Amino acid sequence: MKVSTTVFFGGLALLGALSCISSCAHTDRIVGAWEAAPVPLNVPDAADASAIVTLDFGQITSSSMPAEVQLSATIDVRQAVQGDPLAATRPWEQSVAATASISGSYAYGDGSDDDIIITLDPSSFIVNIDPAGVVFDNNVVTGMESSALDSLTAACADRWRVLLAGPMREVFYSYGRMDDIKIHHNDLMSAGVNHRDCSFRRLGTPGE
């Protein structure tokens, strides 16, 4: 009887392990980095603005525990200005290259292997603008002293950092739930995000 009981519970443990391996293998499909298509941003004072979001899903180690996720974005902004703040007579344009990121965790919905819930940590949100990514057309910079150009660049970077914060938070938090996730040919993913059908392409190889 003791041997039978041992065999019985040993069999249950084996079935549980096999079930976990099968489930984890299925949910591991999204592990890694995925890049979304560009999305327009509604940024005050910008003539044109867009962002490309990347989601980087960490490895799930337990079906009952959430895993890490990192959302990042590259941002491009252009602004055409009528009149030069430094008294130039012609219109001028500036373009800004920025990045933003936020981290959090994700978990699959109850009883689901194709719906996930993403919980973001608001304290991790950041918008970065490298002064080298702030570019003015020649109408502004021609003949300008380097100190004046540095001051103008720093002021513009600070201004756009503030203006981009709200729109980027909105974009990131729209990923709070992803529904009906499907992987196509191992390197393309489709999902419903905030009532929109979205497509993503895998960056690198699975598990990198």
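565 is the number of the first residue of the sequence shown in my numbering; add one for each residue after it. Virtual Cβ for every residue (Gly too), placed ideally from N, Cα, C. If you're wondering where the values come from, they're calculated on a predicted model, not measured in any experiment.
- When Cβ pairs closer than 8 Å are counted between the two stretches, the stretch 747-754 is seen not to touch the stretch 683-695, the count staying below three.
- Distance between Phe736 and Leu635, taken at the CA atoms: about 7 Å.
- Contact annotation: Ala610 and Val641 have beta-carbon atoms nearer than 8 Å.
- Per DSSP, the unbroken beta strand (DSSP E) holding Asp743 starts and ends at Arg741 to His748.
- Around the C-beta of Thr683, fewer than 16 other C-beta atoms lie within 10 Å, and the residue is accordingly described as exposed.
- Between the alpha carbons of Tyr739 and Cys720 lies a gap of roughly 29 Å.
- For Leu605, no beta strand (DSSP E) encloses it, and the DSSP letter there is neither H nor E.
- Cβ-Cβ separation between Pro686 and Val607: approximately 20 Å, too far for a contact (criterion under 8 Å).
- Distances from the alpha-carbon of Leu767 to those of Asp592, Arg593, Glu599 and Ile594 put Glu599 closest.
- When the beta-carbon positions are compared, Ala615 and Thr638 come within less than 8 Å of each other.
- Looking only at Val617, Ser754 and Asp674, the smallest Cα-Cα distance to Thr663 is reached by Val617.
- The residue from Ser763, Arg765, Asp743 and Phe764 with its alpha-carbon nearest to that of Gly756 is Asp743.
- Taking 8 Å as the cut-off, the Cβ atoms of Val660 and Gln623 do not count as close.
- Residue pairing of Ser636 in beta bridges, as defined by DSSP: Thr618 and Ser665.
- Rounded to whole angstroms, Val699 and Leu727 show a C-alpha spacing of 17 Å.
- Counting along the chain, the unbroken beta strand (DSSP E) around Arg766 starts and ends at Arg760 to Leu767.
- For Thr683, the uninterrupted beta strand (DSSP E) segment begins and ends at Ile680 to Leu684.
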